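Quick note on this note's numbering: the sequence shown kicks off at 16 and runs consecutively.
For glycine and all other residues, C-beta sits at the position ideal for the given N, C-alpha and C.
Please read these numbers as outputs of a predicted model, since none were measured by experiment.
Structure record follows, encoded as structure tokens.
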Amino acid sequence: MRDFKQLKVWQKAHHLVLDIYRHARSFPAEERYALTAHLLRSATSIPSNIAEGCGRDTETELARFLSIAAGSASETEYQLLLAHDLGYLSEPDHRDLDAQVNGVKRMLNAFIQRLT
């Protein structure tokens, strides 16, 4: 069993979630149960799946949860693009969050490759 809090990829994913929560506060109220909720769920799923995988018994199971986290990262990437295109995120904010989520995706893919 690994301590997920020691993993750089988990730390970066956690920081991404905190940043997304800060930005999502400014989304329109009518998006609270639509895009905002979906974005927060998918973003939170990234570090959550990393943590869950670290609690599993085998590296194969860990790799499976890292793969789920990578899928959630791609979903988050799209929702950030949608939020930008709808005018809820400025260009600089979108660029920063997009860079963060893509950095996490690269780290997850490298980690998965090491395990498999």
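Enumerate in chain order the residues of its own chain whose CB-to-CB distance from Thr91 is below 6 angstroms, with the five nearest sequence positions on each side excluded. Ser57, Ala58, Val116
Under 8 angstroms between C-beta atoms of Asn64 and Ile83: yes
Pairs of beta-carbons, one from the stretch 66-76 and one from the stretch 16-34, closer than 8 angstroms: are there three or more? The stretch 66-76 is in contact with the stretch 16-34.
Cβ shell of Phe126 (< 7 angstroms), same chain only, five flanking positions each side left out: Only residues of its own chain outside the window of five on either side were considered, and among them Val24, Leu81 have a CB closer than 7 angstroms to the CB of Phe126, listed in chain order.
In the DSSP assignment, the alpha helix (DSSP H) including Gln128 goes from what residue to what residue? 106-130
Compute the distance between the beta-carbons of Phe42 and Leu50, then report whether it is under 8 angstroms. yes
Best match in Leu54, Asp18, Arg129 for proximity to Thr75 [C-alpha to C-alpha]: Arg129
Counted within 10 angstroms of its Cβ, other Cβ atoms place Ser105 as buried (16 or more) or exposed: exposed
Report the rounded CA-to-CA distance for Asp100 versus His29, giving the unit in angstroms. 24 angstroms
State yes or no: is the C-beta of Asp113 within less than 8 angstroms of the C-beta of Leu97? no
Neighbour-count burial assignment, Ala78, 16 or more Cβ in a 10 Å radius: buried
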